[in-house]
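Heads up, the thing below is written out as structure tokens.
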Amino acid sequence: MALCLLLLGFLLPPALGGYLITTPRRWISEWPTQVCVTVDKPNAPAGFLNVTIDNVHRIHSFFSSSTTPASVIQEPKHMAFIFTTINIPAGTTNQCNDIQVPATTDTDYNKKLELSGSVSGVEVNHQAVIQFKRFATQTYLQTDKYLYLPGQKVQMRAITVVGPELTISTAQYPEVWVTTPSRTRIVQWKNVTTANGLIHLDMRLIDEPEEVLDEVGEVLATVHGLTKQSNRCGCEGVDASGIPKEHPTAPEGVDAQTIWPTAVPTVQTSGREDCCDLSY
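Numbering (mature numbering (1 follows the signal peptide of the UniProt record, and there is no 0)), first residue to last: -17 to -1, 1 to 263.
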């Protein structure tokens, strides 16, 4: 995931040297980030850099009411204090250090980064704004085709990614199930495991599907998944009648019964952000 870098660079008189400090503008909760220091002289003296995130963070509210102006600064919930020192040995021209970002219950906010110390023989004292974000897992679900008739076999596959680097999760799914429009569970799988992160499941539709219509007159089934963190991910659109909800258009020249990989079109989520983003 590409993130813009925050650059703090200073060119000083030749006798003092110059330096460049870089870090991502966005820090992800519970994931490591980096602060890098570059100096322009190979014979620069030893130095150090204190990296501080204050314990009280602030975020601007973009909503207003009769009692709350749009420009008010609100205090969200707790955020752990961050303080670390990067030691820069003499003669070092480039150095990067990892910083573990603590967990937070807040989703998205800005916080002040303070840098102080001595780099390349020069006193450092800078402040910048860093965006903090809590990264939610994403589960992708795909069926083997976009049209199903009563009695046909439905094949599904799912994969979950976590973190800003989109790491594939190999955690067990405690439960996966399929329900009818009236929320009757018709098939389920317990403790679904996977070695490489991709799970494959299949089921067969009954010959006479439940004739319960939604507001647009389509017969649907729903596939649900439960992650290790007990967050639910529901994906509507496995069609028992042959008319998937908001179904994608078949490629020109491809018959409707041809198996063609396509994502389940409609998504319902609960308990976590961005669950089942099915743009495949």
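All C-beta atoms, glycine included, are put in the ideal place defined by N, C-alpha and C.
Cβ of P72 within 9 angstroms of any chain B Cβ = No chain B is present in this structure, which holds just one protein chain.
task = Have a look at Q114, F118 and T126 and flag the residue whose alpha-carbon is nearest the alpha-carbon of P147.
result = Counted from its first residue, the sequence shown places residue 147 at position 164. Considering only alpha carbons, the answer is F118.
task = Could you check if residue 265 is buried or exposed, using at least 16 other CB atoms within 10 Å of its CB as the buried criterion?
result = Summary: the structure shown does not reach residue 265, with the chain confined to residues -17 through 263, and so no result is reported for it.
task = Leaving aside the five residues before and after N77 along the sequence, list all residues of the same chain whose C-beta is less than 6 angstroms from its C-beta, in chain order.
result = As a working note, residue 77 is residue 94 in the sequence shown. Within the same chain, N77 has close Cβ partners T21.
task = Can you have a look at A27 and say buried or exposed, based on whether 16 or more other CB atoms are within 10 angstroms of its CB?
result = Translated into positions along the sequence shown, residue 27 becomes position 44. It is buried - the Cβ of A27 has at least 16 other Cβ atoms within 10 Å.
The beta strand (DSSP E) enclosing F31, as first and last residue numbers = Translated into positions along the sequence shown, residue 31 becomes position 48. First-last of the beta strand (DSSP E) with F31: G30 to I36.
inquiry  = In the DSSP output, what is A111 paired with across the bridge?
reply    = The residue given as residue 111 occupies position 128 in the sequence shown. Looking at the DSSP assignment, A111 forms a beta bridge with L96.
message = Whole angstroms are fine: how far does the CA of V84 sit from the CA of G1?
response = Here residue 1 corresponds to residue number 18 of the sequence shown, with the count starting at 1. Here residue 84 corresponds to residue number 101 of the sequence shown, with the count starting at 1. Those two C-alpha atoms are separated by around 28 angstroms.
task = Under 8 angstroms by Cβ, that's how I've got residue 306 and P25 pegged, so tell me the actual separation to the nearest angstrom.
result = For residue 306 there is no data in the structure shown, the boundaries of the chain being -17 and 263.
request  = Could you check which residue in I65, A29, L184 and T16 has the C-alpha nearest to that of S103?
outcome  = Within the sequence shown, the letter at position 120 stands for residue 103. Cα-wise, what sits closest to S103 is A29.
inquiry  = As a quick exercise: from N33, S101, V145 and R187, pick the residue whose alpha carbon is nearest that of I65.
reply    = The residue you call residue 65 lines up with position 82 of the sequence shown. Measuring from the Cα of I65, the nearest candidate turns out to be N33.
query = How many angstroms separate the CA atom of F115 from the CA atom of Y92?
reply = Your numbering for residue 115 matches position 132 in the sequence shown. Your numbering for residue 92 matches position 109 in the sequence shown. Computed Cα separation, rounded: 5 angstroms.
inquiry  = I'd like the list of long-range same chain contacts for N179, defined as Cβ closer than 8 angstroms, with 5 residues on each side in sequence excluded.
reply    = Indexing the sequence shown from 1 puts residue 179 at position 196. For N179, where only same-chain residues beyond five positions count, the Cβ hits under 8 angstroms are I151 and T153.
query = What is the DSSP secondary structure of T177, reduced to helix, strand or coil?
reply = Here the question's residue 177 lines up with position 194 in the sequence shown. DSSP places T177 in coil when its eight states are reduced to three.
task = Taking all protein chains shown into account, decide if K94 is buried (16 or more other Cβ within 10 angstroms of its Cβ) or exposed.
result = Position 111 of the sequence shown holds residue 94. Counting Cβ neighbours within 10 Å, K94 comes out buried, since at least 16 surround it.
ask   = Can you round the beta-carbon distance between D81 and Q17 to whole angstroms, since I take them to be within the 8 angstroms contact cut?
value = Taking the sequence shown and counting its residues from 1, one reaches residue 81 at position 98. Taking the sequence shown and counting its residues from 1, one reaches residue 17 at position 34. At roughly 6 angstroms, the Cβ-Cβ gap stays under 8 angstroms, so D81 and Q17 are in contact.
ask   = What residue does the beta strand (DSSP E) around P157 start on, and which one ends it?
value = Locating residue 157 in the sequence shown gives position 174, counting from the first residue. It spans Y156 to T162 - the beta strand (DSSP E) in which P157 sits, taken as one unbroken run.
task = Give me the Cα-Cα distance between L3 and Q121, rounded to the nearest whole angstrom.
result = Walking along the sequence shown from the start, residue 3 turns up at place 20. Walking along the sequence shown from the start, residue 121 turns up at place 138. Taking the straight line from one Cα to the other gives about 35 angstroms.
request  = Please report the residue range of the beta strand (DSSP E) in which Y129 lies.
outcome  = To locate residue 129, count along the sequence shown from 1; it is residue 146. Here Y129 belongs to no beta strand (DSSP E), and DSSP marks it neither H nor E.
ask   = Near V112, what residues of its chain come up, given a Cβ to Cβ distance below 6 angstroms and the 5 sequence neighbours on each side ignored?
value = Counted from its first residue, the sequence shown places residue 112 at position 129. Hits under 6 angstroms: N93.
task = Compare the Cα-Cα distances from I36 to each of Q110, L188 and W14 and report the closest residue.
result = As a working mapping, residue 36 is identified with position 53 in the sequence shown. Closest by alpha carbon: Q110.
ask   = Can you name the start and end residues of the beta strand (DSSP E) that P7 belongs to?
value = Translated into the one-based positions of the sequence shown, residue 7 becomes position 24. First-last of the beta strand (DSSP E) with P7: Y2 to P7.
For V144, the first and last residue of its enclosing beta strand (DSSP E) = As a working note, residue 144 is residue 161 in the sequence shown. First-last of the beta strand (DSSP E) with V144: K136 to V145.
query = Alpha carbon to alpha carbon, what distance is there between A86 and L184?
reply = Indexing the sequence shown from 1 puts residue 184 at position 201. Indexing the sequence shown from 1 puts residue 86 at position 103. Cα to Cα, the separation comes out at about 34 angstroms.
task = Starting from I69, trace the beta strand (DSSP E) both ways and give me its first and last residue.
result = Here residue 69 refers to the residue found at position 86 when the sequence shown is read from its first residue. Residues I65 to I71.
Chain-order list of residues whose beta-carbon lies under 7 angstroms from that of T177 (same chain, five-residue window excluded) = Mapped onto the sequence shown, residue 177 falls at position 194. T153, listed in sequence order.
request  = Helix, strand or coil for W14, going by three-state DSSP, please let me know.
outcome  = Sequence index remark: in the sequence shown, residue 14 carries index 31 (1-based). Three-state result, W14: coil.
inquiry  = Check this for me: beta carbons of I182 and V145, under 9 angstroms apart or not?
reply    = Here residue 182 refers to the residue found at position 199 of the sequence shown. Here residue 145 refers to the residue found at position 162 of the sequence shown. The Cβ atoms of I182 and V145 do not sit closer than 9 angstroms to each other.
query = How far does the beta strand (DSSP E) with D81 in it reach, from first residue to last?
reply = Residue numbering aside, residue 81 sits at position 98 when the sequence shown is read from its first letter. Here the beta strand (DSSP E) through D81 covers N77 to Q83.
ask   = For R187, which of helix, strand or coil comes out of DSSP?
value = Here residue 187 refers to the residue found at position 204 when the sequence shown is read from its first residue. Correct three-state label for R187: strand.
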